[in-house]
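*Asks:* Residue numbers for the sequence shown follow this note's numbering, so the first one is 234 and each next one is one higher.
Quick reminder that beta carbons are idealized off the backbone N, C-alpha and C, glycines included.
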Amino acid sequence: MNEHLRQKIADLARRCHDGARVAVLSGAGISAASGIPTFRGGSDDALWSRYRPEQLATPEAFERDPELVWRWYDWRRGLIADAAPNEAHHALVELATITDVRVITQNVDGYHQQAGSQDVIEYHGNIWTVRCTSCHFEDLDHRVPIPIPPRCPRCHELVRPAVVWFGEGIPTEAAAEAEKVAAACDILLVVGTAGAVYPAAGLVTVAGVNQATIAEFNLEPSAITQRADLYVPGSAAETLPLLLETPA
Ligand code: BJW
Ligand code: ZN
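Put into structure tokens, the structure is as follows:
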């Protein structure tokens with residue numbers, strides 16, 4: 234890492250120590266160091282390279298073949314259950330002891346909360362919550378493996394993961410809260426997301442028009458990089474902890 238970049242990160246760390254309000258928009262890349270595969274590119278493991286998203290993460294796919302979709306989610310639930318949050322998640326918990334930090338995550342793995350982050354906004358839902366496709370039943374279900382396809386204990390219709398698929402709206406409260414947090418922050422940390430999926434990626438614009446500093450932490454440049462004030466290359470597990478170093 235060159236001296237110029239180090240200086241920029243130190244400036245950001247100083248602002249955090251001075252009480253700047255921080256918002257975080259995280260994506261699959263923040264959990265990559267935990268061993269959870271990302272969706273797009275950058276890895277032989279990418280889920281999207283083995284399965285096309287429209288085969289799996291849409292309401293139509295679930296209607297067509299609920300067992301296939303559930304097998305995919307069951308596999309991912311197993312990976313998540315067997316792994317744990319990493320240094321990037323933990324760095325954000327520690328950052329919250331220094332200043333006001335709100336995490337908006339596109340991830341469904343629950344790792345931010347598991348690491349200790351409070352009031353996490355789950356923009357795309359949570360993989361451990363299931364809800365009935367017919368009645369109003371919704372509950373946590375941590376079974377791994379889950380009987381496929383799982384059925385509603387109340388009405389015996391299919392249950393589905395309470396996550397947001399393509400073509401579905403973001404949960405109303407999460408959408409409103411994320412918009413508010415993005416608009417009110419002084420610094421937006423964009424961590425491990427390709428910035429290709431909307432409306433999540435639009436939160437960067439919301440923060441930008443409100444004059445926030447956009448700092449991106451990603452292994453590779455993304456759709457966000459051109460809009461970022463600062464791009465920090467590398468694994469978030471190694472780069473986010475740099476924000477905790479006490480500025481001179
Ligand atoms: C590392 C790293 C390391 C790796 N350290 N970095 C505007 C324009 C065009 C299209 C649209 C638009 N607005 C809406 C749309 C349609 C669509 C959309 O965005 N399509 C695009 C593909 C173009 N959006 C929707 O359909 C959304 N809904 C909607 O718009 O509804 C309208 C509506 C309103 C009212 C009523 C009804 C409807 C919903 C989108 C839902 C997305 N769902 C998924 C699945 C969630 C559940 C699950 O997990 O199974 O969300 S898809 C998937 O993509 C998942 C992710 O959260 C999301 C984002 O992916 P992410 O996190 O960016 O991951 P990757 O893999 O893409 O990138 C990883 C990054 O990490 C890379 O950059 C790596 O370099 C980096 N990295 N290792 C740091 N160690
Ligand atoms: Zn039901």
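Using 9 Å as the threshold, is the C-beta distance between Pro466 and Glu320 below it?
*Replies:* Locating residue 466 in the sequence shown gives position 233, counting from the first residue. Locating residue 320 in the sequence shown gives position 87, counting from the first residue. Taking 9 Å as the Cβ cut-off, Pro466 and Glu320 do not qualify as a contacting pair.
*Asks:* Tell me whether His323 is buried or exposed, calling it buried when 16 or more other Cβ atoms sit within 10 Å of its Cβ.
*Replies:* Position 90 of the sequence shown, counting from 1, holds the residue named residue 323. Buried.
*Asks:* Do the segment 249-266 and the segment 338-350 make contact, defined as three or more Cβ pairs closer than 8 Å?
*Replies:* Judged by Cβ distances under 8 Å, the segment 249-266 makes contact with the segment 338-350, as three or more pairs qualify.
*Asks:* Express the C-alpha separation of Ala243 and Thr291 in angstroms, rounding to a whole number.
*Replies:* Taking the sequence shown and counting its residues from 1, the one referred to as residue 291 is at position 58. Taking the sequence shown and counting its residues from 1, the one referred to as residue 243 is at position 10. When rounded, the distance between both Cα atoms is 42 Å.
*Asks:* Using a Cβ-Cβ cut-off of 9 Å, state whether Gln444 counts as contacting chain B.
*Replies:* The structure shown contains no chain B, having only a single protein chain.
*Asks:* Go ahead and pull the three-state DSSP assignment for Leu373.
*Replies:* Against the sequence shown, residue 373 aligns to sequence position 140. Note: Leu373 maps to strand in three-state DSSP.
*Asks:* Using beta-carbon positions only, say whether Asp307 and Val377 come within less than 9 Å of one another.
*Replies:* Here residue 307 is taken as the residue at index 74 of the sequence shown, counted from 1. Here residue 377 is taken as the residue at index 144 of the sequence shown, counted from 1. Going by C-beta atoms, Asp307 is nearer than 9 Å to Val377.
*Asks:* Using CA atoms only, rank isn't needed, just tell me which of Ser468, Leu391, Pro454, Val424 is closest to Arg297.
*Replies:* Position 64 of the sequence shown, counting from 1, holds the residue named residue 297. Answer by Cα proximity: Leu391.
*Asks:* Where the beta carbon is closer than 6 Å to any heavy atom of the ligand ZN, which residues qualify, in chain order?
*Replies:* Selection output, chain order preserved: Cys365, Ser367, Cys368, Phe370, Cys385, Arg387, Cys388, Glu390.
*Asks:* Under a three-way DSSP split, which group does Trp361 fall into?
*Replies:* Looking up residue 361 in the sequence shown gives position 128. Strand, per DSSP.
*Asks:* Taking 8 Å as the line, does the beta carbon of Val396 fall inside it for any heavy atom of the ligand BJW?
*Replies:* Taking the sequence shown and counting its residues from 1, the one referred to as residue 396 is at position 163. Yes, the beta carbon of Val396 sits closer than 8 Å to at least one heavy atom of the ligand BJW.
*Asks:* Determine, using beta carbons only, whether Gln347 and Pro394 come nearer to each other than 9 Å.
*Replies:* In the sequence shown, counting from the first residue as 1, residue 347 sits at position 114. In the sequence shown, counting from the first residue as 1, residue 394 sits at position 161. No.
*Asks:* In whole angstroms, what is the alpha-carbon distance linking Val414 and Ala408?
*Replies:* Counting from one through the sequence shown, the residue named residue 414 turns up at place 181. Counting from one through the sequence shown, the residue named residue 408 turns up at place 175. So the two alpha carbons sit approximately 10 Å from each other.
*Asks:* Around the C-beta of Ile381, are 16 or more other C-beta atoms found within 10 angstroms, so that it is buried, or is it exposed?
*Replies:* Mapped onto the sequence shown, residue 381 falls at position 148. With fewer than 16 other Cβ atoms within 10 Å, it is exposed.
*Asks:* Can we count His357 as close to the ligand HEM, meaning its CB is less than 8 Å from some heavy atom?
*Replies:* This structure does not include the ligand HEM; its bound ligands are the ligand BJW and the ligand ZN.
*Asks:* Is the separation between the beta-carbon of Glu453 and that of Val423 shorter than 9 Å?
*Replies:* Position 220 of the sequence shown, counted from the first residue, corresponds to residue 453. Position 190 of the sequence shown, counted from the first residue, corresponds to residue 423. Not closer than 9 Å, so no.
*Asks:* Which word fits Phe295, buried or exposed, when buried means at least 16 other C-beta atoms lie within 10 angstroms of its C-beta?
*Replies:* Residue 295 sits at position 62 when you count from the first residue of the sequence shown. By the neighbour-count rule (16 or more Cβ atoms within 10 Å), Phe295 is buried.
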